[in-house]
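For reference, the structure discussed in these notes is given below.
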Amino acid sequence: MKAIEMRETGGPAVLQLVDRPRPEIGGPDDILVRLKAAGVNPVDTKIRSNGTLVPNGLPAVLGCDGAGVVEAAGEAVTRFKPGDEVWFCWGGIGGPVGNYAEYILLDNHLAQAKPREIGFVEAAAAPLVLLTAWEALHDRARLVEGQRVLIHAGAGGVGHVAIQLAKAAGARVCTTVSSPEKADFAHALGAEYCINYKEEDLVESVMAWSEGQGVDIALDTVGPEVFRKTVPAMAHYGDLVTILDPGPDLDLKEARVRNLRISLELMLTPMLRDLPRARTHQGEILRRCAKLIDRGDLRIHVSETFPLAQVQEAHKRLETGHVTGKLALTMD
Numbered sequence: 001m002k003a004i005e006m007r008e009t010g011g012p013a014v015l016q017l018v019d020r021p022r023p024e025i026g027g028p029d030d031i032l033v034r035l036k037a038a039g040v041n042p043v044d045t046k047i048r049s050n051g052t053l054v055p056n057g058l059p060a061v062l063g064c065d066g067a068g069v070v071e072a073a074g075e076a077v078t079r080f081k082p083g084d085e086v087w088f089c090w091g092g093i094g095g096p097v098g099n100y101a102e103y104i105l106l107d108n109h110l111a112q113a114k115p116r117e118i119g120f121v122e123a124a125a126a127p128l129v130l131l132t133a134w135e136a137l138h139d140r141a142r143l144v145e146g147q148r149v150l151i152h153a154g155a156g157g158v159g160h161v162a163i164q165l166a167k168a169a170g171a172r173v174c175t176t177v178s179s180p181e182k183a184d185f186a187h188a189l190g191a192e193y194c195i196n197y198k199e200e201d202l203v204e205s206v207m208a209w210s211e212g213q214g215v216d217i218a219l220d221t222v223g224p225e226v227f228r229k230t231v232p233a234m235a236h237y238g239d240l241v242t243i244l245d246p247g248p249d250l251d252l253k254e255a256r257v258r259n260l261r262i263s264l265e266l267m268l269t270p271m272l273r274d275l276p277r278a279r280t281h282q283g284e285i286l287r288r289c290a291k292l293i294d295r296g297d298l299r300i301h302v303s304e305t306f307p308l309a310q311v312q313e314a315h316k317r318l319e320t321g322h323v324t325g326k327l328a329l330t331m332d
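Read left to right, the sequence shown gives residues 1 to 332 (full-length UniProt numbering).
Spelled out as structure tokens, the structure:
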């Protein structure tokens, strides 16, 4: 099979198209999936640049999420049969198991039935960002109907689904964007108010929108500077969630006075720490998101696709920092 292999860290050029043996069913619970598409995520570029997330992880096949068709199944598998369409988030953090390839072998319990109303490209681009946004909003911040929610980078991969998940839960949503075009995109997804962070002051804008109260929940998808700037835009007793390392030089005095609950979100933890119960929970999240997708309450925006062999171009595009929605690789 064709796969993209990384043998050393560095720029996009370290990603090389190679021939690898096609995986074979090795256990009774295995399924072999012929991949149709794979998501391209910022974590992929970070692993490529900085190294794998597991020891001795090179050579590695990147790509944490994918979608495809079950090609073969182990003797104990009852959930799927050959020909079934699946999506999942598994692999891609080091070693030979990843979704930048034509096939992947995984335990059938890690996969879920693909939403019926979207294609393989959208399904492949969705799991990592959906799990991140859902866990951040529902599991970390305990989102409830009627709350005011700030989503940073609302036109991005995590941001564009977070807007929709918050809206579906009955929240009022504001978001930050970098252009009028991205504001239009975010409004179409359900954002009530958009803040152009290049031209407007974050705290003043949030306070004007929230009638001086601040937001009940904020989701930082950008990094330490944005995390710090968000603290004074929070309502007292609010929830501030970040999907990145907020950095070592944090002054949390104002956060403490506001009695903020600060949470860290990394949806890769069940894979990194081998946590079966957490993986089961993530499977339930994907099933719930599939229902939202199939009834038209959640959409996945893929702005550009690349053939597997053009993965270097996909990484270059992602690293510009200006992608709307998601990017994906296609295998056909």
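The C-beta atom is built at its ideal place from N, Cα and C for all residues, glycine as well. It should be emphasised that the depicted structure is a prediction, and the values quoted were computed from it without experimental measurement.
query, result
"Taking 6 Å as the cut-off, is the C-beta of Lys253 nearer than that to any heavy atom in the ligand FMN?", "Looking for the ligand FMN in the displayed structure turns up nothing, as the structure carries no ligands at all."
"Locate the alpha helix (DSSP H) running through Pro224, then write down its first and last residues.", "224-230"
"Considering Cα atoms alone, identify which of Arg22, Gly325, Phe80 is closest to Gly156.", "Gly325"
"Within the chosen definition, does the region 278-294 reach the region 97-114 through at least 3 CB pairs nearer than 8 Å?", "yes"
"Residue range of the alpha helix (DSSP H) that Gly157 falls in?", "157-168"
"Count the other CB atoms, across all protein chains shown, that sit within 10 Å of the CB of Arg277; report buried if there are 16 or more and exposed otherwise.", "exposed"
"For Ala235, collect the residues of the same chain with a Cβ closer than 7 Å to its Cβ; drop the 5 residues on either side in sequence, then sort them by chain order.", "Gln213, Gly214, Val215, Asp216"
"Could you check whether the region 115-134 touches the region 264-273, counting it as contact only if at least three pairs of C-beta atoms, one from each stretch, sit closer than 8 Å?", "yes"
"Using the Cα positions of residue 405 and Glu192, report the straight-line distance between them to the nearest angstrom.", "Only positions 1 to 332 of the chain appear in this structure, which leaves residue 405 out of reach."
"Could you give the residue range of the beta strand (DSSP E) that holds Lys326?", "326-330"
"So Phe306 is in the beta strand (DSSP E); what residue range does that whole segment cover?", "302-307"
"Got a sec? Which residues, its chain only, sit under 8 Å from Glu145 by beta carbon, not counting five neighbours each side?", "Ala169, Gly170, Ala171"
"So what does DSSP say about Gln147, is it helix, strand or coil?", "coil"
"If I follow the unbroken alpha helix (DSSP H) through Ile262, where does it start and stop?", "Not the alpha helix (DSSP H): Ile262 falls in the beta strand (DSSP E), residues 261-264."
"To the nearest angstrom, report how far apart Pro224 and Ser210 are at their CA atoms.", "24 Å"
"For the alpha helix (DSSP H) holding Val40, just list the boundary residues, first then last.", "It is not in any alpha helix (DSSP H) - Val40 instead sits in the beta strand (DSSP E) that spans 30-40."
"Taking the alpha helix (DSSP H) that Gln282 belongs to, which residues open and close that run?", "276-294"
"Give me the Cα-Cα distance between Gly321 and Asp65, rounded to the nearest whole angstrom.", "20 Å"
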